[in-house]
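Peer 1: What follows is a structure written as structure tokens; I'll ask about it next.
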Amino acid sequence: MANKFETFVALHLPGDPVILYNIWDVGSALAVVAAGARALATGSHPVADANGWPDGQQVPLDFAFANAKRIEDAVELPVTVDFEGAYSIDPEEGAANVARLKATGAVGCNFEDQVIGGEGLHPLALQVKRIAAIRRAVGDDFYLNARTDLLLKTQTHDDALIDRVVERGKAFADAGASGFFVPRLSEPGQIERVVREVPLPLNVIAFPGAPDKKVWADAGVARISHGPFPHRALMAKLTEMARAAIS
Amino acid sequence: MSKFEDFAALHVAGDPVVLFNAWDAGSAAAVANSGAKAIATGSASVSLANGYGDGEEVPIELALANSARIVRAVDLPVTVDFEGGYAEDAGGLTANASRLAQTGAIGCNFEDQIVGTDRIYDVAEQTERIAALREGAGQNFFINARTDLFLKAKPEAHDSALADQAIERGKAYADAGANGYFIPGLADLSLVERIVKAAGCPVNAMHLPGGPSRAEWASAGIARVSHGPFPFMAMQKWLTAEAEAALA
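Chains as they are written, first to last, in this note's numbering: chain Y, 910 to 1156; chain W, 97 to 344.
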């Protein structure tokens, strides 16, 4: 019988993407399990919002671990955690943090290349070192979803930018990433190119007004996550219900 | 006015403050955005959101840290559902109430059931417990003393004899220093009205789906209507439906 990690890996099918409806605590995890989800993914922004911190590694590391463990202990499904930049620029320190995350019971994590609290992205050479260090620290049975923030840093999503996305994706794959996550990638032609040229399952993020997921599936996407949008929508609904109760 | 004074002043018999219960900083901020006057947590919601059973299974450290995060996230007064105060003895209650007040909460619910059992403390014991809580929390703290009489009895057993017991407890709790009296589970408005008239402090009713409206509670003299676990439960249901749509 496949373990949770193997189950999770097998869900990444280009053309038939696994849908991850992002969660932030045990309650939201159980609500998404009840919907028939195959796997769970936290979102760092919702975890921060739900607990009153700004995003960008402002959630204390110990809280992030404890929250992850509570979720993993409460469900049978594989759980992947949005771990931002692993709470350290230093490759070995970041890798040690991811190893601690794995020890909570997470089957994988997102790991991003933006400079948290600063500007721009880490140089590719450094990011590759960070990914390789994480892979050495966690072994083979951990789904490292390497994210590039290139499209989040500019509005100009042209071919030259996709060249850089592809360059990063290939380098991340060589360094030991399990998957490639490109938030804000949406245009089917660009998705097809990334799928063709980067030898990793591609994860894109659904957003209000995004193309139908069949369009993305046909372009070869293997994983669709929802980032901060489930939490935002729920909080808007809560405000609406509270307003009705108060008036 | 301090947040405590603001909060106390919201308790107007016949024009109840509505507390749409929250469970974390995010839900508190969402409720604050609705125009709420104050924020109240619900212990069942906090438990379920974090994967614990209700009944003080949420570790007190988490409960206190969660309270502090909520207080930091909103400008409104925050009252915390503190269940049985996480202690049986007076010393423990005083210490825990002091820690809760230090999180910035300006009040709490404090129940008379013996947590983990189906029994209720004797009136004398519970008044001592309320006094101990007051000693730790200080004067600027709204102790909402709850009786579990109506939760422990089936609705068909909510008769005038039970209401008499509730009145006895309400008076004793007010004498012991409670600021408010919480009677969850009771939806019989004539009994509510009797309790309101005799309790000697503002009375809090819990909204029940299909139960009395705010206007009906108001007409019975209620000063505070809270929503207990129902906002959280409604949100869980809504999230499941949204996730189902996304997964389909």
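Backbone N, C-alpha and C define an ideal beta-carbon position, used for all residues, glycine too. Keep in mind the model is a prediction, meaning the values are calculated, not measured.
(1) Can you tell me where the alpha helix (DSSP H) holding S953 (chain Y) begins and where it ends?
(2) Name the residues in the region 279-295 of chain W whose C-beta lies less than 7 Å from a C-beta of chain Y; which are they?
(3) Compute the Euclidean distance between the alpha carbons of K267 (chain W) and Y277 (chain W), then round it to the nearest angstrom.
(4) At what residues does the beta strand (DSSP E) containing E207 (chain W) begin and finish?
(5) Taking buried to mean at least 16 other C-beta atoms within 10 Å of its own C-beta, is S309 (chain W) buried or exposed?
(6) Given that T1063 (chain Y) touches chain W, what residues does it touch there, using C-beta distances under 7 Å?
(7) Establish whether the CB of P969 (chain Y) and some CB of chain W are separated by less than 8 Å.
(8) Kindly list, in the order they appear in chain W, the residues whose Cβ is closer than 7 Å to that of D982 (chain Y).
(9) Run through chain Y and tell me which residues come within less than 7 Å of G131 (chain W), C-beta to C-beta.
(10) Do you know how far the Cα of A339 (chain W) is from the Cα of P1117 (chain Y)?
(11) In angstroms, rounded to a whole number, what distance separates the CA positions of P325 (chain W) and I1040 (chain Y)?
(12) What are the start and end residues of the beta strand (DSSP E) that includes E1021 (chain Y)?
(13) Roughly how many angstroms separate the alpha carbons of V887 (chain Y) and D1068 (chain Y), rounded to a whole number?
(14) For the region 253-307 of chain W, which segments carrying the beta strand (DSSP E) assignment without a break, of at least 3 residues, lie completely within its bounds, in sequence order?
(15) If you scan the region 161-230 of chain W from start to end, which runs of the alpha helix (DSSP H) of 4 or more residues do you find wholly inside it?
(16) Strictly below 8 Å CB to CB, what residues from chain W border K1146 (chain Y)?
(17) Please decide whether D120 (chain W) counts as near chain Y, where near means a Cβ-Cβ distance under 8 Å.
(18) Taking 8 Å as the threshold (beta carbon to beta carbon), is L922 (chain Y) in contact with chain W?
(19) In chain W, which residues lie with their C-beta within 7 Å of the C-beta of S937 (chain Y)?
(20) Can you check whether the C-beta of E340 (chain W) is within less than 8 Å of a C-beta belonging to chain Y?
(21) Check the C-beta distance from A1071 (chain Y) over to F116 (chain W) and give it rounded, since I have them as a contact under 8 Å.
(22) Taking only the alpha-carbon atoms, compute the straight-line gap between D1050 (chain Y) and T951 (chain Y) and give it to the nearest angstrom.
(23) Give a yes or no on whether 8 Å exceeds the smallest Cβ distance from S123 (chain W) to chain Y.
(24) I'd like to check one pair, L285 (chain W) with E252 (chain W): are the Cβ atoms closer than 8 Å?
(25) Does the separation of the CB atoms of L1033 (chain Y) and G1085 (chain Y) fall below 8 Å?
(26) Taking the beta carbon of T421 (chain W) as the centre, do at least 16 other beta carbons fall within 10 Å, making it buried, or is it exposed?
(27) Flag P1139 (chain Y) as yes if its beta-carbon sits less than 8 Å from any beta-carbon of chain W, otherwise no.
(28) The beta strand (DSSP E) with F103 (chain W) in it runs from where to where?
(29) For I135 (chain W), which residues from the same chain have a beta carbon less than 8 Å from its beta carbon, with the 5 sequence-adjacent residues on both sides left out?
(30) Alpha carbon to alpha carbon, how far is A957 (chain Y) from E289 (chain W)?
(31) Whole-angstrom Cβ separation of G1078 (chain Y) and H921 (chain Y), contact assumed at under 8 Å?
(32) Could you run through the region 304-321 of chain W and flag, in chain order, every residue whose CB is less than 7 Å away from some CB of chain Y?
(33) Pull up the distance between the alpha-carbon of A259 (chain W) and that of A314 (chain W), whole angstroms please.
(34) Taking L247 (chain W) as the query, report the chain Y residues whose CB atoms sit under 8 Å from its CB, ordered along the chain.
(35) Taking only three categories from DSSP, how would you classify D991 (chain Y)?
(36) Does any residue of chain W bring its CB to less than 8 Å from the CB of R979 (chain Y)?
Peer 2: According to the structure shown:
(1) Counted from its first residue, the first sequence places residue 953 (chain Y) at position 44. Note, S953 (chain Y): alpha helix (DSSP H), 953-960.
(2) The region 279-295 of chain W vs chain Y, Cβ under 7 Å: nothing.
(3) As a first step, residue 267 (chain W) must be located in the second sequence, where it is residue number 171. As a first step, residue 277 (chain W) must be located in the second sequence, where it is residue number 181. K267 (chain W) and Y277 (chain W): Cα-Cα distance of roughly 9 Å.
(4) On the second sequence, residue 207 (chain W) is found 111 positions in, with the first residue counted as 1. 203-207 is the extent of the beta strand (DSSP E) around E207 (chain W).
(5) On the second sequence, residue 309 (chain W) is found 213 positions in, with the first residue counted as 1. Answer is exposed; the Cβ neighbour count stays below 16.
(6) To locate residue 1063 (chain Y), count along the first sequence from 1; it is residue 154. The contacting residues do not exist; T1063 (chain Y) stays about 28 Å from chain W at best.
(7) The residue you call residue 969 (chain Y) lines up with position 60 of the first sequence. Cβ-Cβ to chain W under 8 Å: no for P969 (chain Y).
(8) Here residue 982 (chain Y) is taken as the residue at index 73 of the first sequence, counted from 1. Within chain W, the residues near D982 (chain Y) are G147.
(9) Here residue 131 (chain W) refers to the residue found at position 35 of the second sequence. Result: R1152, I1155.
(10) To locate residue 1117 (chain Y), count along the first sequence from 1; it is residue 208. To locate residue 339 (chain W), count along the second sequence from 1; it is residue 243. Taking the straight line joining both Cα atoms gives about 14 Å.
(11) For the purposes of this step, residue 325 (chain W) is taken as the residue at position 229 of the second sequence. For the purposes of this step, residue 1040 (chain Y) is taken as the residue at position 131 of the first sequence. Straight across, the Cα-Cα distance linking P325 (chain W) with I1040 (chain Y) is about 43 Å.
(12) Your numbering for residue 1021 (chain Y) matches position 112 in the first sequence. Looking at the DSSP string, the run of the beta strand (DSSP E) that includes E1021 (chain Y) is 1017-1021.
(13) Because chain Y here runs from 910 to 1156, residue 887 (chain Y) falls outside it and cannot be looked at.
(14) 276-278, 299-302
(15) Within the region 161-230 of chain W, complete alpha helix (DSSP H) segments of at least 4 residues are found at 186-198, given in chain order.
(16) Along the first sequence, one-based indexing puts residue 1146 (chain Y) at 237. Residues of chain W passing the Cβ test: M331, W334.
(17) What you label residue 120 (chain W) is simply residue 24 of the second sequence in a count that begins at 1. Chain Y contact via Cβ: present.
(18) Translated into positions along the first sequence, residue 922 (chain Y) becomes position 13. Taking Cβ atoms only, chain W never reaches closer than 8 Å to L922 (chain Y), which makes this a no.
(19) The residue given as residue 937 (chain Y) occupies position 28 in the first sequence. Around S937 (chain Y), the beta-carbon contacts reaching into chain W at under 7 Å are L335.
(20) Walking along the second sequence from the start, residue 340 (chain W) turns up at place 244. At least one chain Y Cβ lies under 8 Å of E340 (chain W).
(21) Along the first sequence, one-based indexing puts residue 1071 (chain Y) at 162. Along the second sequence, one-based indexing puts residue 116 (chain W) at 20. Contrary to the premise, residue 1071 (chain Y) reads as Ile rather than Ala in this sequence. About 47 Å separates the two Cβ atoms, so there is no contact after all.
(22) Position 141 of the first sequence, counting from 1, holds the residue named residue 1050 (chain Y). Position 42 of the first sequence, counting from 1, holds the residue named residue 951 (chain Y). D1050 (chain Y) and T951 (chain Y) have their C-alpha atoms roughly 19 Å apart.
(23) Against the second sequence, residue 123 (chain W) aligns to sequence position 27. So yes, S123 (chain W) belongs to the interface.
(24) For this step, residue 252 (chain W) is matched to residue 156 along the second sequence. For this step, residue 285 (chain W) is matched to residue 189 along the second sequence. Their beta carbons are not under 8 Å apart, which means E252 (chain W) does not touch L285 (chain W) by this criterion.
(25) To locate residue 1033 (chain Y), count along the first sequence from 1; it is residue 124. To locate residue 1085 (chain Y), count along the first sequence from 1; it is residue 176. The Cβ atoms of L1033 (chain Y) and G1085 (chain Y) do not sit closer than 8 Å to each other.
(26) With chain W represented from 97 up to 344, any question about residue 421 (chain W) goes unanswered, as that position is not in the structure.
(27) The residue labelled residue 1139 (chain Y) in the question sits at position 230 within the first sequence. It does; some Cβ of chain W falls within 8 Å.
(28) As a working note, residue 103 (chain W) is residue 7 in the second sequence. Taken as a continuous stretch (DSSP letters only), F103 (chain W) belongs to no beta strand (DSSP E), being part of the alpha helix (DSSP H) at 99-105.
(29) Indexing the second sequence from 1 puts residue 135 (chain W) at position 39. So the qualifying residues of the chain are L115, A118, A124, V127, A128, I166, V170, L172, P173, V174, T175.
(30) One-based indexing of the first sequence puts residue 957 (chain Y) at position 48. One-based indexing of the second sequence puts residue 289 (chain W) at position 193. Near 44 Å, if we compare the C-alpha coordinates of E289 (chain W) and A957 (chain Y).
(31) To locate residue 1078 (chain Y), count along the first sequence from 1; it is residue 169. To locate residue 921 (chain Y), count along the first sequence from 1; it is residue 12. Rounded, the Cβ-Cβ distance is 14 Å, inconsistent with contact.
(32) none
(33) The residue labelled residue 259 (chain W) in the question sits at position 163 within the second sequence. The residue labelled residue 314 (chain W) in the question sits at position 218 within the second sequence. Each residue's Cα considered, the two are about 19 Å apart.
(34) Stepping through the second sequence from its first residue, residue 247 (chain W) is reached at position 151. Contacts between L247 (chain W) and chain Y, judged by CB atoms closer than 8 Å, are missing: the closest CB pair is about 21 Å apart.
(35) Reading the first sequence from its first residue, position 82 is the one you call residue 991 (chain Y). Strand at D991 (chain Y).
(36) Residue 979 (chain Y) sits at position 70 when you count from the first residue of the first sequence. Taking a beta-carbon distance threshold of 8 Å, R979 (chain Y) counts as an interface residue toward chain W.
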